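K.L.:
Residue numbers (my numbering), protein chains in the order written: chain S, 175 to 521; chain R, 175 to 521. Sharing a structure, written as structure tokens. Questions coming.
Number of protein chains: 2
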Amino acid sequence: MNNKKSVTIVQVAEEAGVSKQTVSRVLNDRPDVAPETRRHIEEVIERLGYRPSAVARSLIQQRSSTIGVVTAGLNFVGPSRTLNGITNKAEEMGYSVLLIELPDFGFGDIRPALDTLITHRVDGIIWAVPEVGENHAFFQEEHGSHNIPTIFLTMGDTPHLSTVKINNYHSAKEVTGHLIDQGCLHVAHITGPLDWWEVQERKAGWEAALSDASRKVTEDMWSVGKWSSRSGETAFRELVSKYPQMDGIFVGNDQMALGVLQVAHQSGICIPKDLAVAGFDGIPESGYYWPPLTTVIQDQHELGCVSVQELVGMINDYREEKFREPNSIILDTRIIVRESSLKSTNH
Amino acid sequence: MNNKKSVTIVQVAEEAGVSKQTVSRVLNDRPDVAPETRRHIEEVIERLGYRPSAVARSLIQQRSSTIGVVTAGLNFVGPSRTLNGITNKAEEMGYSVLLIELPDFGFGDIRPALDTLITHRVDGIIWAVPEVGENHAFFQEEHGSHNIPTIFLTMGDTPHLSTVKINNYHSAKEVTGHLIDQGCLHVAHITGPLDWWEVQERKAGWEAALSDASRKVTEDMWSVGKWSSRSGETAFRELVSKYPQMDGIFVGNDQMALGVLQVAHQSGICIPKDLAVAGFDGIPESGYYWPPLTTVIQDQHELGCVSVQELVGMINDYREEKFREPNSIILDTRIIVRESSLKSTNH
DNA sequence: ATGAAAGCGCTAACAC
DNA sequence: GTGTTAGCGCTTTCAT
């Protein structure tokens with residue numbers, strides 16, 4: 175328990191009575207080692223508990239086999255599921271993950287995070303911080319200020335940058351259409367914070383669906399939340415008073431929708447009869463809300479997987495000095511209809 | 175955008191017309207550099223966009239300033255909040271985080287994860303995988319097979335190992351006591367999977383509370399879930415039929431409690447009048463369930479923070495060859511009483 | 001099939 | 001206050 179210094183390749187070589195190159199060959203599965211020598215060296219490695227140093231290897235090979243992941247808001251459900259996908263896929267593809275979490279959603283603190291990653295010589299970067307306000311402006315201006323392959327999650331299309339995201343606009347439009355199909359004449363909307371790119375997309379989708387159904391969109395028909403159940407509660411109370419004729423509502427995420435359900439119970443609003451409700455995200459609990467919540471399932475695990483795959487492709491092309499066209503990958507979602515929006519069957 | 179190779183200390187030295195040693199001094203804020211030289215070098219560093227290589231530095235210093243974090247089930251709320259705390263604190267204390275997620279809760283796949291960390295020469299390890307079945311046996315037998323300071327989260331006290339955890343036993347006992355105080359005569363329990371250490375602790379706490387109130391504990395009074403709302407639903411239906419006189423229930427986590435609430439609604443069981451319900455974890459949404467859920471708040475963010483602090487202490491002592499007594503840190507929880515358990519006020 | 005030498009980018013130890 | 005030398009643990013190139 176006390177031999178602090180770890181075993182090195184030289185010690186293995188001495189113990190085995192060979193040169194360190196031969197040991198190195200065994201480590202890297204090179205063919206040109208006598209079977210007998212190989213077995214002997216493997217035995218010594220095992221006996222000494224030798225583990226080659228990734229640090230030394232990274233230095234000489236000029237590649238760390240590590241990807242840097244920058245995230246924010248890990249205490250939220252979405253980002254952590256994405257991270258889940260990233261770690262799984264990275265491991266599968268032979269990469270380690272260096273994780274950085276920004277203290278907020280990335281206003282002003284980008285440079286230190288980036289410096290840490292550059293310093294560690296990561297082979298590629300996944301920028302898993304959603305686009306909020308101007309927090310991505312840095313990259314739009316300075317793309318190429320660092321020359322590490324980088325992929326961005328959940329941001330709008332931007333020249334020269336590769337992105338991965340779900341189809342927010344389309345999904346929002348579809349779920350709003352579903353509410354209209356259920357016979358809702360007045361479909362309200364609770365948004366997330368307006369400076370989020372996703373939020374703008376979802377709101378635009380809601381507007382498009384109404385517009386397609388020849389309905390007007392006015393200011394009193396929507397309200398702004400902050401993702402939490404509490405903020406959903408507040409936003410909903412606001413709508414109840416300013417848009418009383420509302421008989422359907424598309425809520426920007428499931429947590430806020432839960433806040434809506436609670437206010438409805440307290441106020442004697444019957445769901446879905448008086449008000450059809452749909453959420454967004456598809457968190458597992460939503461099927462157990464009361465009533466079970468209609469929502470849009472976005473596969474955030476898959477989002478993580480796909481981004482790793484694309485990034486590794488970028489890394490490889492970069493190494494071989496091949497030019498690679500920036501890619502914009504869009505993942506589909508799936509509406510899951512549950513009781514909270516089923517007006518028609520209740521008639 | 176195309177100069178692939180990154181700038182090195184030698185290039186900075188040449189450009190500045192000094193030796194690399196002087197540049198190194200500036201990088202490490204050594205006092206013995208002429209102010210003028212320092213400014214000049216800093217200007218060159220800035221101009222060239224030089225970032226020192228953590229890889230080379232790690233190699234020579236024999237320390238990586240990186241901690242390895244091993245986790246599992248990131249798609250659950252608890253582990254990701256803990257990770258949140260870990261990243262925050264690690265960054266604050268000048269450490270980077272290398273993240274590994276086990277595919278399951280750690281049966282059989284421990285060695286590769288450990289190898290990855292050793293290979294990367296992390297300075298310390300946070301084993302944030304809860305103790306389940308025999309998944310920690312490896313460490314109990316082979317402690318010291320690797321000589322990296324390691325701290326374990328959410329596992330029972332074990333000789334020679336440092337641990338951090340919340341007081342599961344006490345919390346469970348307290349919340350069960352609360353249900354009894356509310357006048358419940360028959361308090362049931364839904365556990366998580368029985369091979370989890372936490373689950374055993376919580377069950378024992380529930381039993382102790384009943385025992386203190388001179389109630390008998392029999393097999394028909396409890397049922398086993400798997401953490402999900404769906405499994406809570408199943409377990410509760412089982413209890414309804416095998417323990418019909420039940421008028422209170424302590425559920426092993428909030429998600430399963432949500433499943434209980436749904437079944438109650440469907441079956442016309444009135445909460446809390448017919449049945450008082452308490453959960454465990456204190457996820458933010460629990461205050462918006464219907465009715466709002468009484469639960470035990472465990473601060474998993476704090477759990478992460480504390481573990482980093484303790485680990486850094488261990489790392490420092492280890493470096494200085496000081497012996498450090500293995501530490502077992504226990505964090506307190508807080509019961510938050512909401513409508514779901516307030517029988518007395520309804521009388 | 002194996003070994004010797006060089007060097008990745010940096011810092012520690014010692015000159016001057 | 002600054003430069004020189006050596007070396008961290010490994011892989012690459014070139015001999016043998």
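Idealized CB from N, CA, C, for every residue including glycine. Source: prediction; values computed, not measured.
#1: Using the beta-carbon count (16 or more within 10 Å), is S/T408 buried or exposed?
#2: May I ask which residues mark the beginning and end of the alpha helix (DSSP H) holding S/L432?
#3: Where does S/T522 fall in DSSP's three states?
#4: If we call anything under 8 Å between Cβ atoms a contact, is R/L353 one with R/A450?
#5: Counting only runs of 3+ residues fully inside the segment 247-320 of chain S, write out the beta strand (DSSP E) ranges in chain order.
#6: Check the Cβ of R/P226 against every Cβ in chain S and list those closer than 8 Å, keeping chain order.
#7: Taking all protein chains shown into account, decide if S/T245 is buried (16 or more other Cβ within 10 angstroms of its Cβ) or exposed.
#8: Taking the alpha helix (DSSP H) that S/A409 belongs to, which residues open and close that run?
#9: Can you round the beta-carbon distance between S/Q474 and S/G259 to whole angstroms, since I take them to be within the 8 Å contact cut?
#10: Using a Cβ-Cβ distance under 8 Å, would S/R526 count as near chain R?
#11: Is the Cβ-Cβ distance between S/V271 and S/T256 less than 8 Å?
#12: Between the segment 333-353 of chain S and the segment 372-383 of chain S, are three or more C-beta pairs nearer than 8 Å?
#13: Whole angstroms is fine: what's the gap from R/S462's alpha carbon to S/I284's?
#14: Can you give me the Cβ contacts of S/V349 inside the same chain, cut-off strictly under 7 Å, excluding the 5 residues immediately before and after it?
#15: Could you pull out every residue in the same chain whose Cβ sits closer than 7 Å to the Cβ of R/H214, ignoring the five residues on either side in sequence?
#16: Looking at chain S, which residues of the segment 207-239 of chain R have a Cβ within less than 7 Å of any of its Cβ atoms?
#17: Look at R/L516 and S/W464 and say whether their C-beta atoms are less than 8 Å apart.
#18: Could you spell out where the alpha helix (DSSP H) holding S/L477 opens and where it closes?
#19: Assuming the contact rule is C-beta atoms closer than 8 Å, R/S345 and R/G379 should be a hit. Round their C-beta distance to whole Å, please.
#20: In chain order, what residues of the same chain lie with their CB nearer than 7 Å to the CB of R/R221, ignoring the 5 residues before and after it?
#21: Distance, Cα to Cα, S/G223 vs S/V181?
#22: Taking the Cβ atom as the reference point for each residue, do R/W301 and R/F281 lie within a distance shorter than 8 Å?
#23: I'd like to know whether the C-beta of S/W301 is nearer than 8 Å to at least one C-beta of chain R.
#24: Report buried or exposed for S/W396, applying the criterion of at least 16 other Cβ atoms within 10 angstroms of its Cβ.
#25: Can you tell me whether DSSP reads S/I183 as helix, strand or coil?
#26: Name the residue from S/V197, S/P466, S/I322 whose alpha carbon lies nearest to the alpha carbon of S/R493.
#27: When you compare the CB positions of R/H363 and R/P500, do they come within less than 8 Å of one another, or not?
#28: Thinking C-beta only, is S/G406 closer than 8 Å to S/Q429?
#29: Taking the continuous alpha helix (DSSP H) assigned at R/T196, which residues delimit it?
#30: Use the C-beta contact count for S/T507: other C-beta atoms within 10 angstroms, 16 or more gives buried, fewer gives exposed.
#31: Whole angstroms is fine: what's the gap from R/V200's alpha carbon to R/A228's?
#32: Output yes if chain R places a C-beta closer than 8 Å to the C-beta of S/E308; else output no.
#33: Residues of chain R with CB closer than 7 Å to the CB of S/S402, please, in chain order.
#34: Residues of chain R with CB closer than 7 Å to the CB of S/L257, please, in chain order.
#35: Please name the residue in S/F279, S/H360, S/R376 whose C-alpha comes closest to that of S/K525.
#36: Excluding the 5 residues flanking S/V132 on each side, which residues of the same chain have their C-beta closer than 6 Å to its C-beta?
P.N.:
Taking the geometry as given:
#1: Result: buried.
#2: Element bounds for S/L432: 428-441.
#3: Coverage of chain S is limited to positions 175 through 521, which leaves residue 522 of chain S absent and any answer about it impossible.
#4: Cβ distance < 8 Å, so R/L353 and R/A450 count as in contact.
#5: Listed in chain order, they are 270-276, 298-301.
#6: Chain S residues near R/P226: T293.
#7: It is buried - the Cβ of S/T245 has at least 16 other Cβ atoms within 10 Å.
#8: Note, S/A409: alpha helix (DSSP H), 403-416.
#9: At roughly 7 Å, the Cβ-Cβ gap stays under 8 Å, so S/Q474 and S/G259 are in contact.
#10: For residue 526 of chain S there is no data in the structure shown, the boundaries of chain S being 175 and 521.
#11: Going by C-beta atoms, S/V271 is not nearer than 8 Å to S/T256.
#12: Yes, the segment 333-353 of chain S touches the segment 372-383 of chain S.
#13: As written in the sequence, residue 462 of chain R is Tyr, which differs from the Ser given in the question. Answer to the nearest angstrom: the Cα atoms are 35 Å apart.
#14: Taken in chain order, the residues that qualify are F424, A452, V470, I509.
#15: Within the same chain, and ignoring the five residues on either side of R/H214 in sequence, the residues whose Cβ sits closer than 7 Å to its Cβ are A190.
#16: Residues R225, P226, S227, A228, V229, A230, S232, L233, S238.
#17: In this structure, S/W464 does not lie closer than 8 Å to R/L516 by Cβ.
#18: Annotation: the continuous alpha helix (DSSP H) that includes S/L477 extends over 474-493.
#19: For R/S345 against R/G379, the beta-carbon gap comes to about 7 Å, under 8 Å, which counts as contact.
#20: Sequence-distant Cβ neighbours of R/R221 in its own chain, meaning closer than 7 Å and more than five residues away, do not exist here.
#21: Near 8 Å, if we compare the C-alpha coordinates of S/V181 and S/G223.
#22: Against a cut-off of 8 Å, the Cβ pair of R/F281 and R/W301 comes out as no contact.
#23: No, its Cβ sits nowhere closer than 8 Å to a Cβ of chain R.
#24: Buried: at least 16 other Cβ atoms inside 10 Å.
#25: In the structure shown, S/I183 sits in a helix (DSSP, three-state: H, G or I).
#26: If we check each option's Cα against that of S/R493, S/I322 comes out closest.
#27: Not in contact: R/H363 and R/P500 (Cβ atoms no closer than 8 Å).
#28: Contact flag set, yes.
#29: Segment 194-201, the alpha helix (DSSP H) holding R/T196.
#30: Its Cβ being crowded by 16 or more others within 10 Å, S/T507 is buried.
#31: Rounded to whole angstroms, R/V200 to R/A228 spans 16 Å at the Cα level.
#32: Closer than 8 Å: no.
#33: Here the neighbours are P458.
#34: Counting only Cβ-Cβ distances below 7 Å, S/L257 has contacts in chain R at L248, in chain order.
#35: It is not possible to answer for residue 525 of chain S, since the shown part of chain S is limited to 175 through 521.
#36: Because residue 132 of chain S is not part of the residues shown, which for chain S are 175 to 521, the question remains open.
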